[in-house]
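Single-structure report; data block below.
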Amino acid sequence: MMNVIAKIHEPKPLMVEMADKYGLQPAEFTATVRSTCGMGKASAEEFAAFIMVAKEYDLNPLLKEIYAFPAKGGGIVPIVSIDGWVNLVNSHPAADGFEFEFEHAESGDLISCTCRMYRKDRGRPVTVTEYLAECVRSTDPWKMKHRMLRHKAMIQAARYAFGFSGIYDEDEGSKIAEMRDVTPAASSQTPRPPAPPAPPSAKVIESDPAPESEEQTTESDFDLGAFLEELETSLATAKDSASAAEIWNDYDAPAILESNGHADMIDAAYAIRDRAYAKFEPYNGG
38 MMNVIAKIHE PKPLMVEMAD KYGLQPAEFT ATVRSTCGMG KASAEEFAAF
88 IMVAKEYDLN PLLKEIYAFP AKGGGIVPIV SIDGWVNLVN SHPAADGFEF
138 EFEHAESGDL ISCTCRMYRK DRGRPVTVTE YLAECVRSTD PWKMKHRMLR
188 HKAMIQAARY AFGFSGIYDE DEGSKIAEMR DVTPAASSQT PRPPAPPAPP
238 SAKVIESDPA PESEEQTTES DFDLGAFLEE LETSLATAKD SASAAEIWND
288 YDAPAILESN GHADMIDAAY AIRDRAYAKF EPYNGG
């Protein structure tokens with residue numbers, strides 16, 4: 038009897054695997070992606086994390102289906118272009134098409150766009166409506182309002198229907214990348230020893246407490262990045278859609294962000310919420 042020796046194929050290193058996929062040498066692939074996808078100053082760890090996301094979702098960085106924004110204070114934010122989102126949906130085995138419906142005012146002004154996303158294993162479509170007033174930004178792409186709102190509705194419907202997470206559209210990514218680290222810098226000075234207690238005075242006169250100074254309520258007391266990270270971490274612990282909704286309501290993120298001068302980040306908070314909800318039974322929402 039012949040002894041059969043099974044061959045064990047060890048997995049290729051990530052960069053080698055991705056380079057082989059596109060017919061390039063690893064060094065050539067790395068240099069090309071770094072120069073075309075906003076990764077020129079990214080660390081080796083950040084670049085590897087970016088490539089892992091591209092591999093996980095089978096997105097082609099050479100075609101700009103996925104690229105990155107450098108974040109203030111370090112790090113990167115993975116951005117998926119509309120072509121990438123369409124590829125994600127159309128390549129999903131359960132995808133069964135999607136359609137759009139616009140709503141206009143009597144004046145003809147655009148109000149909203151609704152996307153219906155169909156799955157082969159569901160009896161009803163996932164329906165998401167996005168409103169122009171909540172999404173529009175003062176950027177050149179938003180001069181084409183119908184096109185951009187259609188993109189927004191499609192992306193949110195895709196998240197609900199298929200549970201895509203950890204990736205952002207360009208509007209969301211640019212806001213997250215612009216977040217400032219408002220954590221106060223640690224002092225390098227040696228702490229002074231405590232002063233000896235003052236001798237008791239003959240008479241104590243009570244006075245009204247001093248009003249809280251403005252410095253105590255400045256933006257530096259609110260760590261935006263930590264708040265959003267804590268929100269996402271807490272939502273990730275939810276066992277079902279009901280507990281996720283309870284966590285979201287407890288955080289009251291829109292009110293907290295607005296009261297701390299970060300109303301422009303409310304959309305990012307909703308995106309975090311939507312990704313958490315998408316893990317459970319998809320539902321109709323906006």
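According to my numbering, the sequence shown is numbered sequentially starting from 38.
All residues carry an ideal CB built from backbone N, CA and C; glycine is no exception.
- Task: For residue 195, collect the residues of the same chain with a Cβ closer than 7 Å to its Cβ; drop the 5 residues on either side in sequence, then sort them by chain order.
- Result: Looking up residue 195 in the sequence shown gives position 158. Around residue 195: 122, 125, 126, 154 and 201.
- Where are the beta strand (DSSP E) runs, 3 residues long or more, that stay fully inside the region 55-95, in chain order? none
- Message: Quick check on the burial criterion: 16 or more other C-beta atoms within 10 angstroms. Buried or exposed for residue 145?
- Response: Taking the sequence shown and counting its residues from 1, the one referred to as residue 145 is at position 108. Exposed, because fewer than 16 other Cβ atoms sit within 10 Å of the Cβ of residue 145.
- Message: Between which two residues does the beta strand (DSSP E) holding residue 296 run?
- Response: Taking the sequence shown and counting its residues from 1, one reaches residue 296 at position 259. Segment 290-296 is the alpha helix (DSSP H) holding residue 296; no beta strand (DSSP E) there.
- Query: How about residue 81 and residue 87: are their beta carbons less than 8 Å apart?
  - Reply: For the purposes of this step, residue 81 is identified with residue 44 of the sequence shown, where counting begins at 1. For the purposes of this step, residue 87 is identified with residue 50 of the sequence shown, where counting begins at 1. Result no, Cβ atoms of residue 81 and residue 87 do not sit closer than 8 Å.
- Message: Could you tell me the alpha carbon to alpha carbon distance between residue 221 and residue 107, rounded to whole angstroms?
- Response: Position 184 of the sequence shown, counted from the first residue, corresponds to residue 221. Position 70 of the sequence shown, counted from the first residue, corresponds to residue 107. Annotation note: pLDDT 43 at residue 221 (below 50); position unreliable, coordinate value reported separately. So the two alpha carbons sit approximately 22 Å from each other.
- Query: Straight-line CA distance for residue 212 to residue 307?
  - Reply: To locate residue 212, count along the sequence shown from 1; it is residue 175. To locate residue 307, count along the sequence shown from 1; it is residue 270. The alpha-carbon atoms of residue 212 and residue 307 are separated by roughly 13 Å.
- Task: State the beta-bridge partners of residue 139 as determined by DSSP.
- Result: What you label residue 139 is simply residue 102 of the sequence shown in a count that begins at 1. For residue 139, which the question treats as bridged, DSSP gives the partners 150.
- Among 162, 66 and 188, nearest to residue 173 - alpha-carbon criterion: Within the sequence shown, residue 173 is the residue found at index 136, counting from 1. Comparing Cα-Cα distances from residue 173 to each of 162, 66 and 188, the minimum goes to 188.
- So residue 103 is in the beta strand (DSSP E); what residue range does that whole segment cover? As a working note, residue 103 is residue 66 in the sequence shown. Residues 103-107.
- Query: Mind checking whether residue 293 and residue 264 have CB atoms under 8 Å apart?
  - Reply: Start at 1 with the first residue of the sequence shown, and residue 293 comes out as number 256. Start at 1 with the first residue of the sequence shown, and residue 264 comes out as number 227. Their beta carbons are under 8 Å apart, which means residue 293 touches residue 264 by this criterion.
- For the beta strand (DSSP E) containing residue 113, list its first residue and its last residue. Against the sequence shown, residue 113 aligns to sequence position 76. Following the DSSP letters along the chain, one finds residue 113 inside the beta strand (DSSP E) bounded by residues 113-117.
- Same chain only: Cβ atoms within 7 Å of residue 193, ignoring 5 sequence neighbours per side: Here residue 193 refers to the residue found at position 156 when the sequence shown is read from its first residue. So the list reads 165, 167 and 311, once near-sequence residues are dropped.
- Query: Taking the continuous alpha helix (DSSP H) assigned at residue 314, which residues delimit it?
  - Reply: Mapped onto the sequence shown, residue 314 falls at position 277. 303-314 is the span of the alpha helix (DSSP H), which, as asked, contains residue 314.
- Message: Which residues does DSSP list as the beta-bridge partners of residue 166?
- Response: Against the sequence shown, residue 166 aligns to sequence position 129. 151, per the DSSP bridge assignment.
- Please determine, among 175, 181, 191 and 103, the residue with the shortest C-alpha to C-alpha distance to residue 73. Against the sequence shown, residue 73 aligns to sequence position 36. Looking at the Cα atoms, 103 is the closest of the given residues.
- Query: Rounded to a whole number of angstroms, what is the C-alpha to C-alpha distance between residue 204 and residue 115?
  - Reply: Reading the sequence shown from its first residue, position 167 is the one you call residue 204. Reading the sequence shown from its first residue, position 78 is the one you call residue 115. For residue 204 and residue 115, the distance between alpha carbons rounds to 6 Å.
- Query: Beta-carbon separation of residue 152 and residue 139 under 8 Å?
  - Reply: For the purposes of this step, residue 152 is taken as residue 115 along the sequence shown, with counting starting at 1. For the purposes of this step, residue 139 is taken as residue 102 along the sequence shown, with counting starting at 1. The answer is no: Cβ separation not under 8 Å.
- Task: State the beta-bridge partners of residue 205 as determined by DSSP.
- Result: Numbered from its first residue, the sequence shown carries residue 205 at position 168. Paired residues: 116.
- Task: Put residue 184 into one of helix, strand or coil per three-state DSSP.
- Result: Within the sequence shown, the letter at position 147 stands for residue 184. Helix at residue 184.
- Message: Assuming residue 269 is part of the alpha helix (DSSP H), what are its boundary residues?
- Response: Counting from 1 along the sequence shown, the entry for residue 269 is found at position 232. Residues 261-273.
- Task: Label residue 300 either buried or exposed according to how many other C-beta atoms from any shown protein chain fall within 10 Å of its C-beta, with 16 as the threshold for buried.
- Result: Within the sequence shown, residue 300 is the residue found at index 263, counting from 1. Under the 10 Å beta carbon count, residue 300 is surrounded by fewer than 16 other beta carbons and is classified as exposed.
- Would you grab the beta carbon distance between residue 207 and residue 109 for me? Rounded to a whole angstrom, and I think it's under 8 Å. Walking along the sequence shown from the start, residue 207 turns up at place 170. Walking along the sequence shown from the start, residue 109 turns up at place 72. In fact, because the Cβ distance is near 17 Å, the residues do not count as touching under 8 Å.
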